[in-house]
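To start, the structure itself, in structure tokens.
Protein chains: 2
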Amino acid sequence: MALCGGVGAARMLSGFVRVLPGQDLTAIVNVGDDMELHGLHISPDLDTVTYTLAGMDNQETGWGVARETWAVMDELARLHGEDWFRLGDRDLATHLYRTGRLRAGATLSAVTSELCERRGIDVRLSPVTDDELRTRVTLAQASALGPAGLEVGFQDYFVRLQHGVAVRGVRFEGAESARPAPGVLTSLAAAGRIVVCPSNPVVSIGPLLAVPGVLKALTARREDVIAVSPIVAGAALKGPADRLLRELGTEASVVGVARLYAPWVGTLVVDDADAGLSEDVEAEGVRCVVTGTVMTSPERAANLARVVLDA
Amino acid sequence: MALCGGVGAARMLSGFVRVLPGQDLTAIVNVGDDMELHGLHISPDLDTVTYTLAGMDNQETGWGVARETWAVMDELARLHGEDWFRLGDRDLATHLYRTGRLRAGATLSAVTSELCERRGIDVRLSPVTDDELRTRVTLAQASALGPAGLEVGFQDYFVRLQHGVAVRGVRFEGAESARPAPGVLTSLAAAGRIVVCPSNPVVSIGPLLAVPGVLKALTARREDVIAVSPIVAGAALKGPADRLLRELGTEASVVGVARLYAPWVGTLVVDDADAGLSEDVEAEGVRCVVTGTVMTSPERAANLARVVLDA
């Protein structure tokens with residue numbers, strides 16, 4: 014099974030699907046990025062993973078749907094509506110479907126299963142929780158949204174401010190009372206191997222750990238937990254993981270990731286570029302595996318998947 | 014000022030705009046047809062009037078927007094989502110805008126003013142109430158939705174069942190506690206003339222009368238209230254007004270309309286086709302004016318507007 018954020022996780026899962034066709038694969042996905050906008054429930058990480066596995070992801074943007082159209086957003090812009098979070102027409106259908114089902118009383122995990130089935134996806138995707146869990150970010154600097162010290166929603170930070178503002182703190186609103194979605198804890202207990210995808214440790218994996226019971230279940234399986242570092246040569250391949258780590262007091266390197274994950278991760282897979290740091294990783298009490306981790310093609314994703322499975 | 018449902022009212026208002034350019038015109042619009050779908054707040058009558066006055070109405074369908082595209086609905090159909098209520102892409106932008114603003118705490122009347130301003134509409138449109146008011150229909154026959162006696166939402170009856178099922182009763186849920194939107198009662202008191210557009214008496218005008226204070230305000234202005242009959246030669250030009258009148262015990266004729274409206278309408282404008290019934294209308298205590306009421310062109314709408322203003 015796999016613990017997932019968005020783009021990096023989606024690529025990693027594509028690799029697993031190629032290497033393990035037809036096999037049972039469960040993926041637990043972050044929902045801290047979820048938001049309500051225009052009254053619609055948007056689940057960016059679930060959708061990124063779903064679109065990627067359905068082969069309909071937009072590889073240019075890294076988000077949204079390929080061959081997307083923008084009729085609704087264009088009209089919304091004419092109305093001077095909130096159009097900072099770009100929702101394509103095909104993408105909107107997902108949000109309409111999800112929101113309608115949630116309003117009718119379905120759980121997010123039930124809706125996720127329905128969407129996977131409709132999209133022809135074999136991987137069993139589940140949100141980490143069906144309850145509301147929202148990542149909130151306290152900004153360390155003044156921004157277009159307000160003075161330093163302001164707490165904003167994750168997408169305000171990530172999209173609206175294009176993660177260009179330093180962060181002082183992150184919290185996961187609702188996490189204390191969130192219950193793991195059905196099957197999450199039993200999957201964590203039963204899985205042969207638990208793969209932590211190369212996702213942002215702070216805001217993608219962090220929310221998963223914040224759901225009561227998850228960290229404990231992972232710690233109990235530590236020897237079978239294998240993480241792929243999202244930090245390569247001191248930098249995030251995409252997004253603000255490196256800056257967030259530094260801003261919140263962790264070294265932005267594979268060693269920093271190893272230190273952060275050590276209580277519950279037995280093995281860390283690092284990129285060839287970080288081969289020289291493998292002893293430092295192991296000094297954190299984490300076994301280190303070195304390979305190519307940059308998934309610039311499906312083949313490279315499949316190669317990484319093979320290494321992770323053999324590790 | 015005008016009391017409005019959807020299509021018939023929209024045409025009537027277009028006529029007034031041509032005849033009275035630049036003059037203050039207030040239109041109070043039915044919200045009993047409103048619904049939540051996919052988490053979005055949809056106000057069909059407000060939108061029909063807005064689109065028509067903005068010159069962007071779809072004259073072929075009688076609803077929605079001209080030069081519409083259907084990317085979201087097409088994708089939603091692929092997901093086996095609820096697509097019985099067709100929402101075009103441009104139309105959806107309106108619903109996203111409205112829902113986002115309502116969720117942010119704006120009133121429906123405030124949002125309506127914003128949308129009118131963005132669409133360049135001079136007429137002051139207002140929902141009859143900012144509170145929730147929903148027309149519910151009790152079916153007299155078994156239907157695809159269930160057995161005879163089932164109460165359904167208005168759009169279930171109107172769109173889903175294509176108003177093809179006999180009706181036993183209509184009620185306006187929430188009406189008792191609905192407050193008139195800001196300005197509604199003062200407009201009714203101050204208007205030089207109050208025009209009841211040729212809208213469905215039961216399900217378009219009925220909800221307006223059900224809001225506490227409105228009927229009393231109209232009754233006080235009875236001599237200045239002039240209605241245009243939506244029934245021509247015993248039939249509705251569009252929609253189920255004739256059947257609804259009959260099913261609920263009123264004659265589907267200009268005489269039936271006169272009888273229904275007599276307590277608060279001083280003058281009824283009927284079509285030339287019903288000239289022979291003008292004495293019967295007046296026998297109901299309502300002054301009768303005969304003219305061409307079928308607005309098949311903007312010119313005919315303007316002619317009707319002139320007659321109504323001169324009456």
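Protein chains in written order, with my numbering: chain A, 14 to 324; chain B, 14 to 324.
Even for Gly, the Cβ is constructed at its ideal location relative to N, Cα and C.
Small disclaimer: the values here were computed from a predicted structure and weren't measured.
In this structure, L146/A sits away from P211/A, with a CB-CB distance that is not shorter than 8 Å. Going by DSSP, T148/B is part of the beta strand (DSSP E) stretching over 147 to 152.
In this structure, DSSP gives T309/A a state outside helix and strand, which the three-state scheme calls coil.
For the pair V197/B and A106/A, the CB atoms are not nearer than the 8 Å cut-off. Identification of chain B residues near A84/A by a Cβ-Cβ cut-off of 7 Å yields T82, A84, D102, R103, ordered along the chain. Between the segment 302 to 320 of chain A and the segment 266 to 274 of chain A, the count of Cβ pairs shorter than 8 Å is below three; the stretches do not touch. When CB distances to chain B are screened at a threshold of 8 Å, not a single residue of the segment 289 to 321 of chain A falls below it.
By the C-beta density criterion, Q72/B is exposed, having fewer than 16 other C-beta atoms within 10 angstroms. In summary, the residues of the segment 49 to 66 of chain B whose CB is separated from some CB of chain A by less than 8 Å are E49, L50, H51, G52, L53, H54, in the order they occur in the chain.
Contact check for V282/A against V241/A passes: the beta carbons are separated by less than 8 Å.
Excluding its 5 nearest sequence neighbours in each direction, V44/B has C-beta neighbours in its own chain below 8 Å: S56, D58, L59, L121, P140, V141, T142, L146, P220, listed in chain order. Close to T112/B, with beta-carbon spacing below 7 Å, are these residues of chain A in chain order: H51, G52. Among the residues of the segment 120 to 148 of chain B, those with a Cβ less than 9 Å away from any Cβ of chain A are E127, L128, R131, R132, in the order of the chain.
When only Cα atoms are considered, G18/A and N213/A end up about 7 Å apart. Contact note: A106/A reaches chain B through A84, V85, M86, D87, E88, L89, A90, R91, L92, G94, using a C-beta cutoff of 9 Å and chain order. Sequence-distant partners of A67/B (beyond 5 residues in either direction) whose C-beta falls short of 7 Å from its own C-beta, in its chain, are R132, G133, I134.
Beta-bridge analysis with DSSP links F185/B to T148/B. Nearest C-alpha to V30/B among G177/B, H54/B, V62/B, L53/B: V62/B. Under the Cβ criterion of 8 Å, R272/B is not counted among the residues facing chain A. When rounded, the separation of the alpha-carbon atoms in L38/A and I207/A is 10 Å. Within the segment 242 to 280 of chain A, no run of beta strand (DSSP E) at least 3 residues long lies entirely inside it. Distance from the Cα of A161/B is smallest, within the candidate group V150/B, V278/B, F171/B, for V150/B. Residue environment: H93/A is assigned as exposed (fewer than 16 neighbouring CB atoms within 10 Å of its CB, all protein chains considered).
Contact note: L158/B does not reach chain A at a C-beta cutoff of 9 Å; the least C-beta distance is about 15 Å. As the crow flies, the alpha-carbon of G52/A is around 27 Å from that of E189/B.
Take V238/B, set aside five residues on each side of it, and the residues of its chain with a beta-carbon closer than 7 Å to its own are I207, V209, L231, W277, V278, G279, in chain order. With a cutoff of 8 Å on beta-carbon distance, R116/A and E49/B are scored as near each other. In this structure L152/B does not touch V183/B by the C-beta definition: roughly 11 Å separates them, more than the 8 Å allowed.
In this structure, the CA atom of V245/B is about 19 Å from the CA atom of G75/B. The beta carbon of R99/A does not come within 8 Å of any beta carbon belonging to chain B, so the residue lies off that interface. In its chain, beyond the 5 residues on either side, D102 have a beta carbon closer than 6 Å to the beta carbon of T82/B. Of the residues G35/B, R192/B, A288/B, the one whose Cα lies closest to the Cα of R300/B is A288/B. Residue pairing by DSSP places D70/B opposite V78/B in a beta bridge. Judged by their CB atoms, V294/A and V268/A are nearer to each other than the 8 Å cut-off. Straight across, the Cα-Cα distance linking A324/B with V302/B is about 7 Å. Comparing C-alpha distances from D96/B to each of L163/B, D284/B, R173/B, R259/B shows the shortest one belongs to R173/B.
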